[in-house]
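Q: Be aware that the sequence shown starts at 555, since it is given in my numbering, and climbs by one per residue.
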Amino acid sequence: MQNHTAFDCAVQKMRSARPLDLSAAKWSDLQSWQKQARECLLTGLHYHPGPVDLQAETIETFDHGDYIRECVRFNTAPWFRVEGWFLLPRHVPRPMPAILLLHDWGGPMFFGKDRMYDLGDSCDLLDKFRAYAHGGRYLSETFCRAGYAVLSIDAYHFGTRAPYGKYGIPCIDPRQLLKTYEGTAEFNVYESRLRENLYLSLRQLQWAGTTWAGINFWDDARCVDYLLSRPEVDGRRLGVTGLSGGGYRTNLLMALEDRLQAAASIGWMTTNDGVAEFNLAGAIGTFCLLPGVWDRMDVSDLVAMGFPKKSLVVVGQQDALFPPAGVDESFRQIADAYRRFGHPEYLALERPDKPHCYDCEVQQLALDWFAKWLA
């Protein structure tokens, strides 16, 4: 009988037997590397619905005094129509810069984008989440009040895109569900069902020939389309940021979306080998499983692939998701690539003495970075 140690050794040998080494460090011609690495990543996402007519519409508008919040809807694929929040600050010259704000994976899955927006009906569950993850702030207001238009949607299986009416999950608006059951065992049962059945949904996606990462990337890229469709937005000054799973989505957009000028990836950077040994259960979810990709490149290559984007990457020294040595090595690899590209000033790597969070001090790092490159 083969023991687990032997299995781990076999996995390491599989990863080291690379059919094609697309690590940036192995290539002398970085432009050729960038082209081949992007082609590999795009192929590995296994998702390309083709041209999409957004058919965007504004459903409702809310006045928050110093900014306007719009409920918007648009198509991201022939089979997906998503709902988002779009903020426009008042008293900012137009066209203005914009931030695509991507929600994290942790916290209640019934709420994705809504964690980051003031909807006027706060609740204890989301208040506690924001207190430890976002410094008690609404992230959307942090950026909007700094002079940016802000857009967010729910990732697949979160918030408005959860499988309501399936897996024993009631077909009810999540905010109404929370009002009815908050603090009760029944709400926790529904939340557990939603989280547990994520993997059944993703099996269905793979059976359909695609990946969760592919859907997320394509949806997020269509958000860039939406921002470019707004006359209030300056398409030459677009940024993206997110924490944790939102940081991972930011990494993918850094790698592949050339219409973005700047990015702040918070709380998702390490080497693949390091995190697989350190925290397989907690850090490697199906959102980042891409067969045919990670045996050719590393997570750090996503940021390097995005050059000449202006990239800020932040991972706290107390972040329990990732091995410190893996984070440090990924930072070394990214810095080496930007140095070889000839513009190390386009990159900032930060290791604050913090846990896995996007608190007020980390928000200031992102604000300073965007002010430097999108002003």
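No residue lacks a Cβ here, since even glycine has one placed at the ideal position from N, Cα and C.
How far does the beta strand (DSSP E) with ARG791 in it extend, from its first residue to its last?
A: 787-797
Q: Cβ atoms of GLY821 and SER798: under 9 Å apart, would you say?
A: Yes, these two residues count as a Cβ contact at 9 Å.
Q: Does GLN556 come out as helix, strand or coil in the three-state DSSP assignment?
A: Its pLDDT being 45, under 50, GLN556 is placed unreliably in this model, and the value from its coordinates should be taken loosely. Correct three-state label for GLN556: coil.
Q: For SER577, collect the residues of the same chain with a Cβ closer than 7 Å to its Cβ; drop the 5 residues on either side in sequence, then sort them by chain order.
A: The answer, listed in chain order, is MET851, ASP852, ASP855.
Q: Within a Cβ cutoff of 7 Å, which residues of the same chain sit near THR764, ignoring the five residues on either side of it in sequence?
A: HIS600, TYR601
Q: With H, G and I counted as helix, E and B as strand and the rest as coil, what does DSSP make of THR612?
A: Residue state for THR612 is assigned as strand, using DSSP reduced to three classes.
Q: For MET650, list the residues DSSP reports as bridge partners.
A: VAL787
Q: Which residue or residues does DSSP assign as beta-bridge partners of TYR706?
A: Looking at the sequence provided, one finds Ser at residue 706 rather than Tyr. TRP639.
Q: Taking the alpha carbon of TYR692 as the reference point, which residue from MET670, ARG813, GLU904 has its own alpha carbon closest?
A: MET670
Q: Per DSSP, which one or two residues make a beta bridge with TYR621?
A: In the DSSP assignment, the residues bridged to TYR621 are PRO643.
Q: In this structure, how does DSSP classify ILE769 when only helix, strand and coil are distinguished?
A: helix
Q: So, at 7 Å on beta carbons, what are the nonlocal neighbours of GLU811 in its own chain, with the 5 sequence-adjacent residues on each side left out?
A: ALA775, VAL778
Q: Go to VAL857, then tell me how far its alpha helix (DSSP H) extends in each direction, as first and last residue.
A: 853-859
Q: Classify VAL881 as helix, strand or coil using the three-state DSSP reduction.
A: helix
Q: Among ARG627, PRO603, TYR735, ASP788, which residue has its Cα nearest to the Cα of ILE613?
A: ARG627
Q: 9 Å is my cut-off, CB to CB: does ARG747 come that close to chain B?
A: Checking the listed chains, one finds no chain B in this structure; it contains a single protein chain.
Q: Output the boundary residues of the alpha helix (DSSP H) element that contains SER586.
A: Following the DSSP letters along the chain, one finds SER586 inside the alpha helix (DSSP H) bounded by residues 584-599.
Q: List the residues that DSSP assigns as beta-bridge partners of VAL868.
A: ILE820, GLU904
Q: Is the beta carbon of GLU624 closer than 9 Å to that of LEU608?
A: no
Q: Restricting to Cα atoms, I'd like to know which of ASP617, THR630, ALA591 is closest to ALA610.
A: THR630
Q: Taking the alpha-carbon positions, what's the ALA762 to SER755 distance?
A: 11 Å
Q: Check whether the Cβ atoms of ARG684 and TYR621 sit closer than 9 Å, and answer yes or no.
A: no
Q: Cα separation between ALA809 and THR738?
A: 42 Å
Q: At the level of alpha carbons, what is the spacing between ARG715 and ALA709?
A: 7 Å
Q: Could you give the distance in angstroms between the alpha-carbon of LEU731 and the alpha-carbon of ARG784?
A: 33 Å
Q: Please say whether ILE888 and VAL794 have beta carbons closer to each other than 9 Å?
A: Their beta carbons are not under 9 Å apart, which means VAL794 does not touch ILE888 by this criterion.
Q: Kindly confirm or deny that the stretch 911-920 and the stretch 883-901 touch, where touching means at least three C-beta pairs closer than 8 Å.
A: No: fewer than three Cβ pairs fall under 8 Å.
Q: Comparing C-alpha positions only, which one of GLY604, TYR718, TYR735 sits nearest to CYS677?
A: TYR735
Q: For ARG747, which residues from the same chain have a beta carbon less than 6 Å from its beta carbon, with the 5 sequence-adjacent residues on both sides left out?
A: TYR721, GLY722, ILE723
Q: What residue from TYR718, GLN760, ILE707 has the CA that sits closest to TYR744's CA?
A: From the listed residues TYR718, GLN760, ILE707, the smallest Cα separation to TYR744 is found for TYR718.
Q: Please list, in chain order, all residues of the same chain as VAL869 whose beta carbon is under 7 Å from its beta carbon, the five residues on each side excluded.
A: Excluding positions up to five away in sequence, the list reads GLY821, MET823, PHE876, VAL881, ARG905.
Q: What are the boundary residues of the alpha helix (DSSP H) that includes GLN760?
A: 752-761
Q: What does the Cβ neighbour count give for ASP913, buried or exposed, with the cut at 16 atoms within 10 Å?
A: buried
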